[in-house]
Amino acid sequence: MSKSPRDNSGPVAARDTDVLKAQAINGLLTQPIAILPTKAGDPIRPFALGLWNEIRPLLRPGLSVSTLRRATGAYLHSKRYHLAVALTGSARHDIDGMPIGSVSEADRLAAEQKIESLRKRDDARKAPSTAPTVARSVPLSKADMIRATLLNRNNPPR
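When you read off a place in the sequence shown, starting at 1, and then add 5, the result is the number in the numbering used here.
Below is the structure:
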């Protein structure tokens, strides 16, 4: 693993993409929630466990809960959010953005692992493929195996 996100000091600053995700969440709610960044440079704050139970009732009438889940998921599963969770001494925050407790060591380690997997994925996408293309055998599904068996019965070799 390269430099650990836990070695950094100071909060993780939101970028424009983080602010857009936060605006998307707030746009679905009857009132904005203060835990989310409002401009680039604002800190990304880890959510308190169970915060969904406070956010869900703020959903605007007529909008689906699935839409809110997708919007919050896009924010919570971002690399920068995981960086904020992985920081040593990071705190979880309530809906008003106030710290209410620390992030557990298990959650910090899980965030570090997620960051590393995202880095590996990004590196793999960036790396040009120099290996020759090799045709791979794709395993047949159960339905395909049944079809093949039936075809062989109906068309015996000559």
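Beta carbons are placed, not taken as given, at the ideal position from N, Cα and C, and that holds for glycine.
Check	Outcome
Just to confirm, are Ala2 and Ala116 a CB contact at a threshold of 8 Å?	Because the chain spans 6 through 163 in this model, residue 2 falls outside it and cannot be assessed.
Residue range of the alpha helix (DSSP H) that Ser109 falls in?	Segment: none, Ser109 is in no alpha helix (DSSP H) and carries neither H nor E.
I'd like the list of long-range same chain contacts for Pro37, defined as Cβ closer than 6 Å, with 5 residues on each side in sequence excluded.	Asn31
Rounded to the nearest angstrom, what separates Gly94 and Leu64 at their Cα positions?	32 Å
Can we say the stretch 15-28 touches the stretch 72-89, given the rule of at least three CB pairs closer than 8 Å?	yes
In this structure, what does DSSP give as the bridge partners for Pro133?	Answer is none; Pro133 lacks a bridge partner.
By Cβ distance below 8 Å, which residues in the same chain neighbour Ala19 in space, the five residues on each side in sequence not counted?	Ala27, Pro42, Lys44, Ala45, Gly46, Asp47, Pro48, Ile49 and Arg85
If you check the beta carbons only, do Ile60 and Ile100 fall under 8 Å apart?	yes
Who are the near neighbours of Trp57 in its chain, counting only those whose CB is closer than 8 Å to its CB and skipping five residues on each side?	Thr77
At a threshold of 7 Å, does Gly106 count as lining the ligand COA (C-beta to nearest heavy atom)?	Absent from the structure shown: the ligand COA. Ligands present: none.
Would you kindly report the start and end of the unbroken beta strand (DSSP E) that includes Ala96?	Ala96 to His98
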